[in-house]
Amino acid sequence: MEYIEVEDAIDLPGLRLVLTAGVPGPWGEAAKGVLDVKGIEYTPVRQVAAAPNEALLDWTGRDNAPVAMYADERPRSGWAEILFLAERLAPSPSLVPSDPRERALMLGLCHEICGEQGLGWTRRLLMGIGDPGERGTLAWKYGGGETAAVETAVARVNELLELLEEQLRAQRAAGRRYFVGESLTAPDIYWAAFSNMVAPLPPELSPMPDFMRRIFTSFAAMPGAAAPDPLLIEHRDFVLERHLTLPQDF
10 MEYIEVEDAI
20 DLPGLRLVLT
30 AGVPGPWGEA
40 AKGVLDVKGI
50 EYTPVRQVAA
60 APNEALLDWT
70 GRDNAPVAMY
80 ADERPRSGWA
90 EILFLAERLA
100 PSPSLVPSDP
110 RERALMLGLC
120 HEICGEQGLG
130 WTRRLLMGIG
140 DPGERGTLAW
150 KYGGGETAAV
160 ETAVARVNEL
170 LELLEEQLRA
180 QRAAGRRYFV
190 GESLTAPDIY
200 WAAFSNMVAP
210 LPPELSPMPD
220 FMRRIFTSFA
230 AMPGAAAPDP
240 LLIEHRDFVL
250 ERHLTLPQDF
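Residue numbers (the working numbering): 10 to 259.
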């Protein structure tokens with residue numbers, strides 16, 4: 010992916026999306042997936058992992074990614090903020106159901122994938138195990154200091170994978186292909202993005218750095234960790250092939 014620097018992005022019109030360059034960060038891949046499905050053009054802006062990113066901090070108030078900057082509007086960094094910005098910019102195809110009950114279910118699934126104590130948040134807690142320096146980095150910013158959450162993280166990831174599998178299986182039993190309703194919605198895209206954290210795509214489809222592949226692959230070897238149900242992997246592959254872009258470009 011071709012990036013511009015923060016200093017060059019500030020005065021540009023339109024949508025600029027700050028992404029961590031060179032890695033398939035799941036929150037960034039999720040944001041990209043939403044925008045790509047909707048056909049929304051954006052300018053990728055470089056954020057460097059584990060760097061001060063001072064210019065980015067001055068511009069957006071954040072030093073991490075993703076951050077969506079549209080025109081002169083406020084920064085948007087949360088998954089819901091970015092999703093609803095995309096819904097406003099391109100109402101069709103909608104990734105949010107119009108039915109209020111389906112909408113509530115969809116938002117709940119999105120949080121359980123992307124939000125605090127969700128799949129990505131919990132899996133990230135496990136990334137520093139065995140590396141005290143890394144755990145120190147994670148502790149304040151990403152919840153690594155929450156001892157109880159770390160101690161139960163594997164069980165929580167298993168629980169969330171089971172939740173997603175049961176929801177998808179119920180949909181299939183009803184003759185439906187996606188997580189919610191009759192068509193693609195945000196959780197389908199988010200699962201495709203976050204599944205790398207527990208079952209990485211092969212190198213030819215996601216050419217991530219070796220260190221990241223080792224981290225993502227490590228979940229399978231953790232005591233008590235359960236592999237995602239094959240139905241979830243099949244669904245991930247279907248969404249990527251039908252709706253998103255392969256190989257991943259970051």
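Positions of the beta carbon are idealized from the N, C-alpha and C atoms, including for glycine.
Classification of residue i by the beta-carbon crowding that lies within 10 angstroms, buried from 16 upward
i      : result
Gly160 : First, the amino acid is wrong: residue 160 is Glu here, not Gly. By the neighbour-count rule (16 or more Cβ atoms within 10 Å), Glu160 is not buried but exposed.
Ser215 : buried
Ile224 : buried
Ala202 : buried
Ile13  : exposed
Leu38  : The amino acid at residue 38 is misidentified as Leu; the sequence shows Glu. Flag for Glu38 reads buried.
Thr156 : exposed
Ala80  : exposed
Arg245 : buried
Leu94  : buried
Leu21  : exposed
Leu134 : buried
Pick from the options that is closest to residue i, judged by C-alpha positions
i      : options                        : result
Met78  : Ser103, Tyr51, Ala64           : Tyr51
Asp197 : Asn167, Met231, Glu250, Met221 : Glu250
Ser107 : Pro84, Leu65, Glu191           : Glu191
Ala162 : Gln176, Glu14, Glu125          : Glu125
Arg25  : Leu44, Pro33, Val32            : Leu44
Met1   : Leu94, Met217, Thr156, Leu92   : There is simply no residue 1 to check, as the chain begins at 10 and stops at 259 in what is shown.
Ala89  : Met115, Met221, Leu66          : Met115
Tyr199 : Gly233, Pro84, His252          : His252
Pro232 : Val15, Ala164, Asp219          : Ala164
Thr131 : Leu118, Asn167, Gly117         : Asn167
Val248 : Phe93, Leu66, Leu177           : Leu177
Gly117 : Leu172, Ala236, Arg185, Gly23  : Leu172
Gly48  : Arg71, Arg85, Arg97            : Arg97
Glu82  : Ala182, Trp68, Pro256          : Trp68
Close beta carbons around residue i, own chain, < 6 Å, minus the five adjacent residues each side
i      : result
Asp238 : Glu174
Trp149 : With a pLDDT of only 45 at Trp149, under the threshold of 50, the placement of this residue in the model should not be trusted; the figure read from the coordinates follows. Cβ within range, chain order: n/a, list empty.
Ser227 : none
Glu111 : Val189, Gly190
Ala40  : Pro75, Ile91
Pro212 : none
Close-in-space but distant-in-sequence residues of the same chain around residue i (CB under 8 Å, 5 per side omitted)
i      : result
Thr254 : Asp45
Pro141 : With a pLDDT of only 48 at Pro141, under the threshold of 50, the placement of this residue in the model should not be trusted, and no figure is reported.
Gly127 : His120, Glu121, Leu169
Ile242 : Ser204, Ala208
Gly70  : Pro84
Gly23  : Glu50, Tyr51, Thr52, Tyr79, Ala80
Chain D within 8 Å of residue i, Cβ atoms only
i     : result
Val54 : The structure shown contains no chain D; it holds only a single protein chain.
According to DSSP, residues forming a beta bridge with residue i
i     : result
Gln56 : Thr29
Arg83 : DSSP output for Arg83 lists no bridge partner at all.
Val76 : Val27
Ile13 : Val54
Cβ neighbours of residue i in the same chain (closer than 7 Å, five flanking residues each side left out)
i      : result
Ala18  : Arg25, Thr52, Val54
Pro35  : Gly129, Ala202, Phe203, Asn205, Met206
Asp306 : In the structure displayed, the chain extends from 10 to 259; residue 306 sits before or after that span and is not available.
Gly145 : Because Gly145 sits at a pLDDT of 48, beneath the cut-off of 50, its placement in the model cannot be relied upon, and the following sentence gives the value as read from the coordinates. None.
Arg222 : Pro209
Gly42  : Ile198, Ala201, Ala202, Leu253
Arg181 : none
Any non-hydrogen atom of the ligand SAM closer than 7 Å to residue i Cβ
i      : result
Gln126 : By its list of ligands, the structure shown contains no ligand whatsoever, and the ligand SAM lies outside what it can speak to.
Could you tell me whether the region 192-212 touches the region 111-123, using the rule of 3 or more Cβ pairs below 8 Å?
yes
Meets three-Cβ-pair contact criterion under 8 Å: the region 29-43 and the region 53-71
yes
Could you check whether the region 94-111 touches the region 59-67, counting it as contact only if at least three pairs of C-beta atoms, one from each stretch, sit closer than 8 Å?
no
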